[in-house]
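A.B. asks: Would you mind keeping the following structure in view while I ask a few things?
Here you go:
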């Protein structure tokens, strides 16, 4: 089914690369799902639930494909439900908890802008399965980014209260954005073999997109240069563990359970 | 033997016309282009290839089960459902008859993918005076619109 011909990257390593992006989407999907029933109005309930579904669905497709590439009898469910915090390779931004709608939308906006560029880059991947997944995800990310950008502008350029809360959210989330564009050996290897994308190359376009929206929203990019990182190598903030414990509790309490 | 396989393929294909999208039960999986390929071996084993629509569409599991159950009930011995991601599904594949069925069911069909000015018509009164109520609607594939002429809210099938 796949036409992965390039042999410069081992199949298992390509699977590990897919798992990174699956982890980003599953963790963000779970965070969004936590917010369902807490949105400010019915339309946002629908939006948050739908966007969560897109992220979780995307994670499912990526895990399912990755499970065929990594060693052993690992299933997509095993990857999602039986790996520990140290084994999760998502970026720190998506695991950050939210305190209100502003946090949810700022986290989403910063990530949507990144993911749109990522899927654009991966839509020409030399791996046909990944390029197919990316082409669809790119169109979905366009809807997600439009939605989160609109809220940034509406609330940033809203009342003094909404403005100050959005600025606080940006200040809180900004330190987790540098990591999105950190590149390691695996990123370089998948990019060189034509199946993946080097995140370093996405940074310029991301900064331009994010700066435009933040400017239109009359908000500002924090001057604090501190940036946290470590997610890709399994070093997470204290928030991922409790989230995974809740998400995985059913699968771990009843091993092999199915509906 | 060749004729037998062809007949079985036609039989399988006609059975699959009964398998619908559970969120849009007036559309078959062929109408909406989820169904990509059907193969029947001489021994009567069927391989059905489907492709997911929206990443977050939860209907894929149900559709897989329905394909299996429908073909087994129709006399096929074994059914394999494969999921293909490439080429990526797009609303561009939706047939004109599928779009007409959407309108009959008061859902505005997807616009052209790269249209600069979206052309969405109210499925009730065909007015183009439309405003967006909610970018995200009752399912992952729809937005909620309202016609400012007849004042009816309606679902719009998003173009992807």
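Chains as they are written, first to last, in our numbering: chain A, 139 to 397; chain B, -14 to 145.
For each residue, glycine too, the CB sits at the ideal point set by N, CA and C.
No experiment lies behind these values; they were computed from the predicted model shown.
1. Quick one: what does DSSP say residue 138 of chain B is sitting in, helix, strand or coil?
2. Please find out if some non-hydrogen atom of the ligand NAP comes closer than 7 Å to the beta-carbon of residue 384 of chain A.
3. Is it the case that the region 151 to 168 of chain A contacts the region 207 to 222 of chain A, given that we only count it when at least three CB pairs across the two stretches are under 8 Å?
4. Are any of the Cβ atoms in chain B nearer than 8 Å to that of residue 269 of chain A?
5. Measuring straight from C-alpha to C-alpha, what distance separates residue 289 of chain A and residue 151 of chain A?
6. Taking 8 Å as the CB-CB cut-off, is residue 104 of chain B touching chain A?
7. Between residue 250 of chain A and chain B, is the shortest Cβ-Cβ distance under 8 Å, so that the two count as touching?
8. Less than 8 Å separating the beta-carbons of residue 292 of chain A and residue 364 of chain A?
9. Which residue from A/274, A/308, A/381, A/394 puts its Cα closest to that of residue 248 of chain A?
10. Is there at least one Cβ from chain B nearer than 8 Å to residue 188 of chain A's Cβ?
11. State the DSSP-derived secondary structure class of residue 93 of chain B, mapped to helix, strand or coil.
12. Touching or not, the region 60 to 75 of chain B and the region 270 to 286 of chain A, by the rule of three or more beta carbon pairs under 8 Å?
13. Taking the alpha carbon of residue -4 of chain B as the point to measure from, which residue in B/46, B/6, B/5, B/59 has its own alpha carbon closest?
14. Using a Cβ-Cβ cut-off of less than 8 Å, give me the residues of the region 41 to 62 of chain B that come near chain A, in sequence order.
15. What does the alpha-carbon distance come out to for the pair residue 320 of chain A and residue 142 of chain B?
16. Give the interface partners of residue 285 of chain A over in chain B, defined as CB-CB distance under 8 Å, in chain order.
17. Alpha carbon to alpha carbon, how far is residue -6 of chain B from residue 25 of chain B? Give it in angstroms, no decimals.
18. Can you name the residues of chain A whose CB is closer than 9 Å to the CB of residue 82 of chain B?
19. Where does residue 308 of chain A fall in DSSP's three states?
C.D. replies: Working from what's here:
1. strand
2. Only the bare structure without any ligand can be found here, which leaves the ligand NAP out of the picture.
3. yes
4. yes
5. 38 Å
6. no
7. no
8. no
9. A/308
10. yes
11. strand
12. yes
13. B/59
14. 41, 42, 43
15. 37 Å
16. 120, 121
17. 6 Å
18. Correct list: empty, because the minimum Cβ distance to chain A is about 24 Å.
19. helix
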